[in-house]
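Input: a single structure, listed below in structure tokens.
Protein chains: 4
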Amino acid sequence: MSLVSLGSDNHSGIHPALLDAMVAVNQGFAASYEQDPWSQELKQKILSEFDAVDSALVFNGTAANVLCTQLALQSYEALLCSDASHLAVDECGAPEKIAGVKLVSLPTDNGKIRIPSIEQHITRRGDQHCSQVKMLSITQPTEYGTLYSLEEIAQIAEICKSNDLYLHMDGARLGNAAAALQCNFKTLVKHCDLVSFGGAKNGSMLGEFVIVRNPDLKKGLKFFRKQSLQLPAKTRFLSAPMIRYLQDDLWLEIAQHENEMAQLLRQGLEKIGTVTFTRPTQANSVFCILPRPIIKELRKSFFFYVWDEQTFEVRLMTGFSVTPQHINDFVTLVQSIHTERTTP
Amino acid sequence: MSLVSLGSDNHSGIHPALLDAMVAVNQGFAASYEQDPWSQELKQKILSEFDAVDSALVFNGTAANVLCTQLALQSYEALLCSDASHLAVDECGAPEKIAGVKLVSLPTDNGKIRIPSIEQHITRRGDQHCSQVKMLSITQPTEYGTLYSLEEIAQIAEICKSNDLYLHMDGARLGNAAAALQCNFKTLVKHCDLVSFGGAKNGSMLGEFVIVRNPDLKKGLKFFRKQSLQLPAKTRFLSAPMIRYLQDDLWLEIAQHENEMAQLLRQGLEKIGTVTFTRPTQANSVFCILPRPIIKELRKSFFFYVWDEQTFEVRLMTGFSVTPQHINDFVTLVQSIHTERTTP
Amino acid sequence: MSLVSLGSDNHSGIHPALLDAMVAVNQGFAASYEQDPWSQELKQKILSEFDAVDSALVFNGTAANVLCTQLALQSYEALLCSDASHLAVDECGAPEKIAGVKLVSLPTDNGKIRIPSIEQHITRRGDQHCSQVKMLSITQPTEYGTLYSLEEIAQIAEICKSNDLYLHMDGARLGNAAAALQCNFKTLVKHCDLVSFGGAKNGSMLGEFVIVRNPDLKKGLKFFRKQSLQLPAKTRFLSAPMIRYLQDDLWLEIAQHENEMAQLLRQGLEKIGTVTFTRPTQANSVFCILPRPIIKELRKSFFFYVWDEQTFEVRLMTGFSVTPQHINDFVTLVQSIHTERTTP
Amino acid sequence: MSLVSLGSDNHSGIHPALLDAMVAVNQGFAASYEQDPWSQELKQKILSEFDAVDSALVFNGTAANVLCTQLALQSYEALLCSDASHLAVDECGAPEKIAGVKLVSLPTDNGKIRIPSIEQHITRRGDQHCSQVKMLSITQPTEYGTLYSLEEIAQIAEICKSNDLYLHMDGARLGNAAAALQCNFKTLVKHCDLVSFGGAKNGSMLGEFVIVRNPDLKKGLKFFRKQSLQLPAKTRFLSAPMIRYLQDDLWLEIAQHENEMAQLLRQGLEKIGTVTFTRPTQANSVFCILPRPIIKELRKSFFFYVWDEQTFEVRLMTGFSVTPQHINDFVTLVQSIHTERTTP
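Residue numbers (our numbering), protein chains in the order written: chain Y, 1 to 344; chain V, 345 to 688; chain D, 689 to 1032; chain U, 1033 to 1376.
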């Protein structure tokens, strides 16, 4: 793809500072399986930044979500999640297959679970014929680039607590959420039992983290990881860049840039006056409706996904390598195609 | 670890040429999930080099083995493998958990299945009370660094064919086998239905391949991969170095070097005259018995594993970054400790 | 429970004729695991009555449904079913755990899937991130005692065919459906690839059947059964009563009686004039709303379930041993409590 | 089969007293799913007789074993069992598929695990690459009709305790063991955490029990049962006969009879002088070698299995309905065929 991509934040490559960190550790021999010094340093850093009791490096976000599920749930239990969540719609049934659990999809507004509706889904307690709801997962930011406020998370946590549910946060883009909410990770996850934390949408090559905050849920983590095909060998190359990511607020710098590019894009498109926005822009994506012919034309220069084939809602995501110039070019192009098409 | 490691060939880092290839593709945007041009080029290369019908990049060797099992077996079927195989003893029950199958461990000589004994384990055909044997897996080179000759593989394949079994080759170090047997990959795997092919023991950072040679077994590969938590996003960084690995016989150069270092090590230790060798040295490892106090002393300068705590059999593996100088230092040290200890 | 039960058709015992058949075969020795002559006779009968290619006796309806799923689907595939279906809400996640698949619940009217909405749920074909819809399951009669007409089944089958889906019929009460629709089993299931067929709601002690009509789906049936913990040993006692059930239209006699008792009950309650009916009565159940105090009072003499704790919708089911006298007593009691409560 | 069967103790039908108990409860309505009074009475009786904390009725022995495994083990853990055990060789991989665990088969003498060898198989504690041994299962009596003495069980329990393993007893024929060892159930299982207890080999129609003695292992029992397809509906017919079985020492009477028939058979065959016995006869089976032509001839009048096709070892099992006359006829027939064949 020689095109500029607004298709996904994983279409950007490796952030230069993170690549430098990878190159820097390619010297001499190192223990594998998180026994190298970088992995050990990173683990301490993560435990501290997330006020956590254990963590494990895994290969991708699906794996982090599934491992969290395995840690928290018996196979006869169920997981509440949003009907737009990666867990529900983008993991090809991995939670069901690997953890054996039932997923219960909750209706959402712009990817956010409707808080007052949660308790309707916690039913048939103790009825052996029915999977028992035991965890709620929220995505932060959501798959539609929206955010739960800290107050909303607290409210959700309260509901979980009073209904004996664990709270999981899918944080594949947690940096973007923390940047947008102007808080640190510790504050963001303080009500969560388990967190999936990823860096790939913020410029790391790969590697996500299962973060365990509830000490009751750490049993067997390393064994579940291995059995779930998630034990990396040469961990220094995954850990060293994440140390760098967490250092000197690099994560914040990257996430802020991505979020700002999304705002810039939204503002640019808003000025055109005829683009319909379908979701609030709170993190690093813009969802809007573009007429089909415009989409076709735009795709000659930019890559992006049509999110809803019925409505022509498109998703525009801003990875770390998207620049103001890219945004400007995109907006200008939308405008020019538009003008062309509406001028007699 | 500042020590030189003979502990594992994954204690060496990333081969410089492969790292260069990774760095070189860190420009601009690229599609993810094997849709980038490098992944597509690599796929064609693999299909051609292995005379295969499909392939999929996964994260590690355990995953490649488990995916091959999922492709070939129903959950009520069984897999024959060596009692020393990675599948049987180093995957924390992943084949059972993920593919649902039974593993039947066959006794071995130096990691090699005893060919005449195979058919004894193919029993109770059609008996519903019993898992039905449907695949045989051989590791090449074995976990003890030994090799099946091309003739032996042909013999095994004949047994599989006449008993309606698929043949799988676990080739986490396939390059070392091909180098030692002086053949190309196509020849090495020509009797196999499925191959797990890895580069991490030859200097890649991570990434293994499920290679499907039998067209009956390719159904659902991409879905099994995703559901088994094995779909990488930024695939350009995994594919580009593997293109380089397969180019200009770099794989051969690396594997030959590793194999030669093992021969050098063996010859050096043989000259000492008092080291007992427990296995033939045919690929990139030396297994021998060292007295406990020598082990303790050696470990101050070199990292390696005691493979059998009862007998003090140690495994010495030579990764790509092990040099003749390292070998020489190690042998000299063994000799000097030995001399010291036996001199009154 | 000394009470008369309208709680479930499995609160009735064993139909006398079926018990006689069980007692009659308790002589001498017999092979187990369906190798006895009765099981072999029954199998032939079932293959013939359902125009099927294979069948297997299992222990209960959940098992029959899960085995059908295992036969038809890979773990990365998905099953469409009604949001009221036993599969979705009364199997404690067994389909997900044992078959590894995703269930997609479709909204329903009185337990019936809305036919025009089916195709909306067949999405993302070929997209590796998403479980691939491959089977549709309908319950006949539904969990709300309603029926798909033969025309509706044909329509559904057409949709399945044109979308490459298998069609499964959950027939835990198939006799009641056939009796109500005045057709035989062959006609009722003629569009189905797989059928779960049960007799326990019609007076058998236990035992359901996985019936395979599509020859592509019979592979591995006996092994899946054993591995899914469903192989009965003393099968003569399960088969002999089912031979009797299918003989001389005994099934029809029983099912008609159950259906008639439900009609009698509905008519009786309708006459009272103040009972609200929530579902059509087409098989052997009546769903209606009863005021809470009436429920409490009624329960002193009759057992039944409140189906919806919010609305006080109750389910009244008529098993084979429910008599016109029981119905009359129940209706009279409802009326008398009602009169008492509304008389000043 | 009109032949007398020494093939299996499940070739005998339902014991008349147990059938009477089934017939007796076929009156009126009863709650299902173990909520009927008989199931509740039975549960209390079992808890008391086995000094247990919970129990659950399931359909067969495979299910009882698999449920015990689910209760005790995480999927990354392993189960030690004999290489002749039902768990290892007669459950079509159900423990692996359903519980996800690894089975480690231990070599045996006449079906009994060699006690001094147990600890050799408890290795690699804490090593994430390897399934962690967490339970030992013994079969009592074994699949070869031999018995662990109470002292041996105590020894095994001691090893389990000091190695942090749970102890499971597969008691598909527990009555026969208790009868032979002249002890009650409580004494027999007093060192066990979990017991699979079956009546079908002693004349019940079907139904086995998961018995939980260790209070740490009872969590989720009813949900695991339902999800594992093991929840029976009309439980009165399974519970009432088991109440009878446990009443007035009927179990003991039946088991003693079966054991005595085996002794009678052994003594009869011993007198012939030329039959080779391959296993001690301690419960209700005789294993011996019969020449192939004799087997063929005998099978015209008696059904039995050749256990080992290589050696012509046959298994002769005595179910409750085997009489002294049957035994006498069999022995006489063996003798007469033998005489005929050896007389010139």
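The beta carbon of each residue, even a glycine, is placed where N, CA and C say it ideally should be.
With fewer than 16 other Cβ atoms inside 10 Å of its own Cβ, residue 248 of chain Y counts as exposed. Looking at Y:322, Y:331, Y:340, Y:333, the one whose alpha-carbon comes closest to that of residue 8 of chain Y is Y:322. Within the stretch 78-104 of chain Y, no run of beta strand (DSSP E) reaches 3 residues while sitting entirely inside it.
Taking C-alpha positions only, residue 941 of chain D is separated from residue 807 of chain D by approximately 38 Å. Within the same chain, and ignoring the five residues on either side of residue 71 of chain Y in sequence, the residues whose Cβ sits closer than 8 Å to its Cβ are 194, 210, 212, 217, 218, 219, 220, 221, 224. Of all residues in the stretch 351-363 of chain V, none is placed with a Cβ closer than 9 Å to any Cβ belonging to chain U. Secondary-structure assignment with DSSP links residue 1338 of chain U through a beta bridge to U:1346. For the pair of segments examined, the stretch 73-84 of chain Y was found not to touch the stretch 264-276 of chain Y: the number of CB pairs separated by less than 8 Å stays below three. Contact check for residue 792 of chain D and residue 783 of chain D: beta-carbon distance about 11 Å, past the 8 Å limit, so the pair fails to qualify. Of all residues in the stretch 790-824 of chain D, the ones placed with a Cβ closer than 7 Å to any Cβ belonging to chain Y are 790, 816, 817, 818, 819, in chain order. In the structure shown, residue 135 of chain Y falls within a strand segment according to DSSP collapsed to helix, strand and coil.
Counting along the chain, the unbroken alpha helix (DSSP H) around residue 366 of chain V starts and ends at 360-368. Around the CB of residue 398 of chain V, 16 or more other CB atoms lie within 10 Å, so the residue is classed as buried. One alpha carbon belongs to residue 843 of chain D, the other to residue 860 of chain D, and they sit about 22 Å apart. Counting only runs of 4+ residues, the alpha helix (DSSP H) found wholly inside the stretch 510-584 of chain V occupies 518-525, 529-532, 565-571, in chain order.
The distance from the Cβ of residue 579 of chain V to that of residue 401 of chain V is about 6 Å, consistent with a contact at the 8 Å cut-off.
Under the criterion of beta carbons closer than 8 Å, residue 92 of chain Y and residue 809 of chain D do not qualify as touching, at roughly 16 Å.
Put simply, the CB of residue 284 of chain Y is far from chain V, with every gap to its CB atoms at 8 Å or more. With its beta carbon at least 8 Å from every one in chain D, residue 574 of chain V lies outside the interface. For the stretch 1092-1121 of chain U, the set of residues with a beta-carbon nearer than 8 Å to any beta-carbon of chain D comprises 1092, 1094, 1095, 1098, in chain order.
Taking 8 Å as the upper bound on Cβ-Cβ separation, chain V lies near residues 223, 226, 227, 228, 229, 230, 231, 232, 233, 234, 236, 237 of the stretch 216-245 of chain Y. Take residue 978 of chain D, set aside five residues on each side of it, and the residues of its chain with a beta-carbon closer than 8 Å to its own are 963, 986, 1000, 1002, 1022, in chain order.
Take the alpha-carbon of residue 704 of chain D and the one of residue 838 of chain D: they are about 32 Å apart.
Between residue 1373 of chain U and residue 1171 of chain U, the alpha-carbon positions lie close to 39 Å from each other.
Residues of the same chain with a CB within less than 8 Å of the CB of residue 33 of chain Y, apart from the 5 flanking positions on each side, are 231, 232, 233, 235 in chain order.
Bridge partners of residue 401 of chain V according to DSSP: V:553. Residue pairing by DSSP places residue 800 of chain D opposite D:797 in a beta bridge. Residue contact with chain Y for residue 731 of chain D: absent (no Cβ-Cβ distance below 8 Å to any residue of chain Y).
Per DSSP, residue 1150 of chain U is not a residue of any alpha helix (DSSP H), being assigned neither H nor E. Proximity of chain D to residue 92 of chain Y at the Cβ level (cut-off 7 Å) is accounted for by 764, 816, 817, 818, 819, in chain order. Excluding residues up to 5 positions away in sequence, 859, 862, 897, 899 lie with their Cβ nearer than 6 Å to the Cβ of residue 885 of chain D in the same chain. Sixteen is the threshold: since fewer than 16 other Cβ atoms of the shown chains lie within 10 Å of the Cβ of residue 1299 of chain U, the residue is exposed. The DSSP-derived three-state label of residue 631 of chain V is strand. Using a 10 angstroms sphere on the CB of residue 1236 of chain U, the tally of other CB atoms reaches 16 or more, which defines it as buried. Not flagged as an interface residue toward chain U: residue 1005 of chain D, since no C-beta distance is shorter than 8 Å. Beyond the five residues adjoining it in sequence on each side, residue 583 of chain V comes within less than 6 Å, by CB distance, of 382, 383, 386 in the same chain, given in chain order.
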